[in-house]
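These notes concern the structure reproduced below.
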Amino acid sequence: MLLAAVLAACSSQLELEPAQEQRNSVAINAPINDQGGVRVMTLNAAHSRGTGFHQILQDGDTARENLATIAAVIEREAPDVLALQELDGPSFWSGGFDHAEFLSERSGLPSYLRADNQKLAGLRYGTALMSRYTLADGEGFSFPARGVWPAKGFVVSTMETGAADYPSVTVVSVHLDPLRPTMRHKQLRMLAQHLDSSTGPTIVMGDFNCEWE
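Residue numbering for the sequence shown follows the working numbering, starting at 22 and increasing by one per position.
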């Protein structure tokens, strides 16, 4: 009862905003891995700036080189599903191309869903999911922006594994506020409320911008 009251109070003050999505939801017939489970990975792509100070100070070729390095790590680790944060769509400060499409083509994860949690003139970026399984029924949401801080958010999808015991799994990539614990708590409550109607296994991955405890 108390949790329901907290969630209701939170939703009355803050509302999720739908985020524009870009997807490649291909039909994939891939077997479950030898361990019988799902291998997961999460990574903050940092607008593909690598070790650079800021992505606006580098050219598109450097962004592609950094993304190729990321793709090599993904291919080496071989996740079944990957969550990404600060992944750019076509943006002036990172080469003007879709970073999700670039990574998908080079990492062995053909199905992807990217949400523009931040969208301004010439600038798109946010959260994304990639998988070697089909990603279906995906949607992206942005948390309400506060002051000058860019909006964070999440993208959620159904991963169709085809496994007998868990044929579909809800997967989430989320990025929380970097500075304010109280805002992170509110954002997590909003995410939990959105996932409340989900059935079956759910995997939440992301950049939580906080310690484990």
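All C-beta atoms in this analysis are idealised placements derived from N, C-alpha and C, irrespective of residue type, glycine included.
Residue environment, residue i, which counts as buried when at least 16 other CB atoms sit within 10 Å
i    : result
S219 : exposed
A48  : Because the pLDDT at A48 is just 48, under 50, the model does not fix this residue reliably, and the value given afterwards should be weighed accordingly. So A48 ends up on the exposed side.
T223 : exposed
G110 : buried
E107 : buried
P188 : exposed
G174 : buried
A121 : buried
Under the three-state DSSP convention, the category residue i falls into
i    : result
S112 : coil
V225 : strand
T203 : helix
Q139 : strand
R70  : coil
C231 : coil
L130 : coil
Within 8 Å, strictly: CB atoms of residue i and residue j
i    : j    : result
M211 : A104 : no
S115 : H68  : yes
V169 : L150 : no
D158 : Y146 : no
G221 : V190 : yes
Reference residue i, options the options, closest by Cα
i    : options          : result
F162 : Y154, S194, G116 : S194
M204 : F229, R70, D186  : F229
Closer than 8 Å to chain D by CB, residue i
i   : result
A99 : The chain labelled as chain D is not found in the depicted structure, where only one protein chain is given.
Report yes or no: do the segment 93 to 102 and the segment 133 to 141 share at least 3 C-beta pairs separated by less than 8 Å?
no
Can we say the segment 137 to 154 touches the segment 175 to 194, given the rule of at least three CB pairs closer than 8 Å?
yes
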